[in-house]
Structure formats: structure tokens, C-alpha cells
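Undergrad:
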Amino acid sequence: MKKILMMSLGVFALMSCSNDDENENAVSIVGTWKESKIVIYNGTNNAVLDTELPDDCDKKNTYEFTSNGILNSKIFYTKSDGICEEDGFFSESYTYDPATKKITVAGTTTDVIQLTQNELQIVYDVNDENGDGVDDQVVMFMYR
Numbered sequence: 015m016k017k018i019l020m021m022s023l024g025v026f027a028l029m030s031c032s033n034d035d036e037n038e039n040a041v042s043i044v045g046t047w048k049e050s051k052i053v054i055y056n057g058t059n060n061a062v063l064d065t066e067l068p069d070d071c072d073k074k075n076t077y078e079f080t081s082n083g084i085l086n087s088k089i090f091y092t093k094s095d096g097i098c099e100e101d102g103f104f105s106e107s108y109t110y111d112p113a114t115k116k117i118t119v120a121g122t123t124t125d126v127i128q129l130t131q132n133e134l135q136i137v138y139d140v141n142d143e144n145g146d147g148v149d150d151q152v153v154m155f156m157y158r
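Read in order, the letters of the sequence shown correspond to residues 15 to 158 in my numbering.
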């Protein structure tokens with residue numbers, strides 16, 4: 015499950031934008047990003063439902079957004095015996111629209127909540143995590 019989640023994050027990590035329109039052109043998504051946490055927000059009141067910090071293996075994952083529209087993701091996972099192993103290297107094309115704060119990776123479009131010089135927040139999943147019938151937001155926080 016974590017492996018699937020991380021690959022999904024890699025895809026959605028391509029999305030980014032600035033929370034300050036004046037700085038939108040000054041801050042670029044281009045560069046290498048690492049996961050700092052995943053937060054699930056309640057769709058009804060935006061309360062935090064859960065926060066997941068990356069384990070030592072997940073900390074090795076990298077998401078590199080290149081200036082020519084390619085996202086290179088290097089993903090690791092913990093095997094059943096506890097050994098951290100590389101799952102693979104994935105390259106996908108991406109586009110980012112700063113006006114709409116939408117990023118599209120491999121045909122999938124998602125929202126960028128925040129892009130600063132050091133932090134990127136991407137919505138990588140929207141579903142009913144707590145079973146209340148309302149979609150919740152799963153947000154990946156990244157740093158560089």
C-alpha cells in the first residue's frame with residue numbers, strides 16, 4: 015500500500031504553485047524534492063485526521079522536476095524482511111499552470127496548495143478517508 019501511495023505521490027508531486035501571486039514567477043518547481051510528511055484533512059471542517067512521517071526508507075525517495083517538463087522519481091520501499099530496497103526510477107512528462115495552480119503528470123491533473131523556495135504542498139489524493147461520506151484531502155508536503 016505504501017509503495018502504491020509513494021508512486022502516486024511521485025505522479026502528483028509534479029503539481030506545484032505559489033500561494034503568493036507576486037512571487038509566482040520567482041519560485042520554480044524545478045529541482046529535487048523530498049517528502050517531509052503526508053497530512054489527511056477532513057473534507058467537512060479541514061481538521062487534521064492523520065499525519066504520516068516518512069520512515070528511514072521513504073526518506074530516500076526523490077522527486078526531480080526538470081526544466082524541460084520531466085519528473086524523475088526514485089522510489090524506495092521496505093520489504094517484508096525490513097530491508098529498504100529501490101523500487102524503481104520513473105520518468106513522466108509534466109506541465110504546470112501557475113495561473114490555475116494545476117499540475118498534470120502523465121495525464122493526471124491535481125492541485126498545488128503551496129510552492130515556496132523550500133516547500134511544496136501537493137494534493138495527491140481525494141477520497142473519503144474517515145468514512146463520513148465526504149471526500150477528504152490527502153496532501154504531500156515536500157522540501158528541498
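Beta carbons are placed, not taken as given, at the ideal position from N, Cα and C, and that holds for glycine.
As the structure is a computational prediction, the values presented were derived from the model and not from experiment.
Would DSSP call Lys88 helix, strand or coil?
TA: Locating residue 88 in the sequence shown gives position 74, where the first residue counts as 1. Correct three-state label for Lys88: strand.
Undergrad: In the structure shown, what three-state DSSP assignment does Asp142 receive?
TA: Counted from its first residue, the sequence shown places residue 142 at position 128. The answer is coil: DSSP assigns Asp142 none of H, G, I, E or B.
Undergrad: What whole-angstrom Cβ distance do Val148 and Gly57 have, given they're in contact under 8 Å?
TA: Your numbering for residue 148 matches position 134 in the sequence shown. Your numbering for residue 57 matches position 43 in the sequence shown. Right, the Cβ-Cβ distance comes to about 4 Å (below 8 Å), so this counts as a contact.
Undergrad: Give the range of the beta strand (DSSP E) segment to which Ser50 is assigned.
TA: Locating residue 50 in the sequence shown gives position 36, counting from the first residue. That run of the beta strand (DSSP E) goes 45 to 55.
Undergrad: If I'm right that Val44 touches Thr76 with Cβ under 8 Å, what's the distance once you round it to whole angstroms?
TA: Here the question's residue 44 lines up with position 30 in the sequence shown. Here the question's residue 76 lines up with position 62 in the sequence shown. Not confirmed; about 14 Å, so no contact.
Undergrad: Could you tell me if Lys115 is buried or exposed, where buried requires 16 or more neighbouring beta carbons within 10 angstroms of its beta carbon?
TA: Start at 1 with the first residue of the sequence shown, and residue 115 comes out as number 101. So Lys115 ends up on the buried side.
Undergrad: Can you round the beta-carbon distance between Met154 and Glu49 to whole angstroms, since I take them to be within the 8 Å contact cut?
TA: The count along the sequence shown starts at 1 and reaches residue 154 at position 140. The count along the sequence shown starts at 1 and reaches residue 49 at position 35. Going by Cβ atoms, the distance from Met154 to Glu49 rounds to 6 Å, so yes, they are a contact pair.
Undergrad: Give a yes or no on whether the C-beta atoms belonging to Asp139 and Val152 are separated by under 7 Å.
TA: Translated into the one-based positions of the sequence shown, residue 139 becomes position 125. Translated into the one-based positions of the sequence shown, residue 152 becomes position 138. For Asp139 and Val152, yes; Cβs fall inside 7 Å.
Undergrad: What does Ile127 pair with, by DSSP beta-bridge criteria?
TA: In the sequence shown, the residue the question calls residue 127 occupies position 113. Its beta-bridge partners do not exist; DSSP assigns none.
Undergrad: Which residue's Cα is closest to the Cα of Ile97: Lys74, Thr109, Ile117?
TA: Here the question's residue 97 lines up with position 83 in the sequence shown. The residue with the shortest Cα to Cα distance from Ile97 is Lys74.
Undergrad: For Ile52 and Asp125, I'd like the C-alpha separation in whole angstroms.
TA: As a first step, residue 52 must be located in the sequence shown, where it is residue number 38. As a first step, residue 125 must be located in the sequence shown, where it is residue number 111. Near 15 Å, if we compare the C-alpha coordinates of Asp125 and Ile52.
Undergrad: Since Lys116 is in the beta strand (DSSP E), which residue starts that stretch and which ends it?
TA: Position 102 of the sequence shown, counting from 1, holds the residue named residue 116. Here the beta strand (DSSP E) through Lys116 covers 116 to 119.
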